[in-house]
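Residue numbers (our numbering): 710 to 971. From the three backbone atoms N, C-alpha and C, an ideal C-beta is built for every residue, glycine too. Reviewing the structure listed below.
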């Protein structure tokens, strides 16, 4: 393993997987009352995806803005927030996920009494951002581009692994597929590779082990993220005694092309 700045680089046959260790990351402040850790993006070596871990204090509010080169998905890990999307204003809470289509204005505000945490995902390594003037918003229920946790049930992906599919063509996404996978102790997700896109894997809770190329036991601790290049064998398993949760973040639409391997 080679350490370059804040990133751990694991070489294998000329390829480099970037494991971004949460404990090494610098904090930025994208707007007042917020803190952000960049977990994947152009600066970490990703070529197709950006992932950030965002914390928002009670009462803090982001500017109304849009992205002209990418859509954005915002997963609410914890907290109660009000989103502005297009000309609609609606509330979301823990477990919900909002898709902001490319070119559509959006913003968020923490309307709860505790700090909120969100994971933001763009299927682009360098998303553009342009602020907009606020518009007249209409109070509404979450639109069809929002995954509402209470309206969905997980399904069994593999023995011991339950899964929520949160973003994909069913929300109107154009190039994003996001799933949450809950691993029981001893459970294993099949090894595979993707022939045409990167996948980022974010350990949301607990401790997991990653498979990469010929490496079969790479520790992925809570809050860590790794991005696997096109065509490289990878997988995830839970060797701990506790349940663990992974966000599988694909920079392509569902179903993501994949080839299962040993």
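query, result
"Buried or exposed by the 16-neighbour rule on C-beta atoms within 10 Å, applied to residue 867", "exposed"
"Rounded separation between residue 687 and residue 848 - CA only", "The requested residue 687 does not occur in the structure, where the chain is confined to residues 710 to 971."
"Proximity below 9 Å, CB of residue 913 to CB of residue 947", "no"
"Contained beta strand (DSSP E) runs [length at least 3] in the region 802-866, N- to C-terminal order", "806-809, 815-819, 825-831"
"C-beta atoms of residue 817 and residue 856 nearer than 9 Å", "no"
"Other residues of its chain near residue 716: CB distance less than 8 Å, five sequence neighbours each side excluded", "With a pLDDT of only 45 at residue 716, under 50, the local geometry of the prediction cannot be trusted, and no value is derived from it."
"Where residue 796 falls: helix, strand or coil (DSSP)", "coil"
"Unbroken beta strand (DSSP E) run spanning residue 936, endpoints", "934-937"
"Between the CA atoms of residue 959 and residue 942 - distance to the nearest angstrom", "15 Å"
"Residues sharing a beta bridge with residue 786, DSSP", "Bridge partners of residue 786: none, in fact."
"Residue 878 versus 871, 872, 886, residue with shortest Cα-Cα distance", "886"
"Boundaries of the beta strand (DSSP E) in which residue 992 is found, first to last residue", "With the chain covering only 710 through 971, there is no way to say anything about residue 992."
"Residue 971 - DSSP class collapsed to helix/strand/coil", "coil"
"Cα-Cα separation between residue 741 and residue 768, rounded to whole angstroms", "10 Å"
"Residue 908 versus residue 967: straight-line alpha-carbon distance, rounded", "11 Å"
"Element boundaries [beta strand (DSSP E), containing residue 888]", "886-892"
"For residue 743, the first and last residue of its enclosing beta strand (DSSP E)", "743-749"
"Opposing strand residues paired with residue 918 [DSSP bridges]", "928, 946"
"First through last residue of the beta strand (DSSP E) which encompasses residue 759", "759-765"
"Under 9 Å between C-beta atoms of residue 823 and residue 783", "no"
"Local conformation of residue 879 per DSSP, three classes", "helix"
"DSSP three-state assignment for residue 717, whether helix, strand or coil", "Legend: pLDDT at residue 717 = 48, less than 50; position of this residue unreliable, no value from coordinates given."
"Cβ neighbour criterion (16 or more within 10 Å) applied to residue 850", "exposed"
"Residue span of the beta strand (DSSP E) that contains residue 959, given as start and end", "953-959"
"Spatial neighbours of residue 931 in its chain, beta-carbon cut-off 7 Å, leaving aside the 5 residues before and after", "912, 914, 915, 916"
"Straight-line Cα distance separating residue 950 from residue 814", "44 Å"
"CB of residue 776 within 9 Å of CB of residue 836, strictly", "yes"
"Per-residue burial, residue 710 [other beta carbons within 10 Å of its own, 16 or more giving buried]", "Per-residue confidence for residue 710 stands at a pLDDT of 37, beneath the threshold of 50, marking its modelled position as unreliable; the derived number appears in the next sentence. With fewer than 16 other Cβ atoms within 10 Å, it is exposed."
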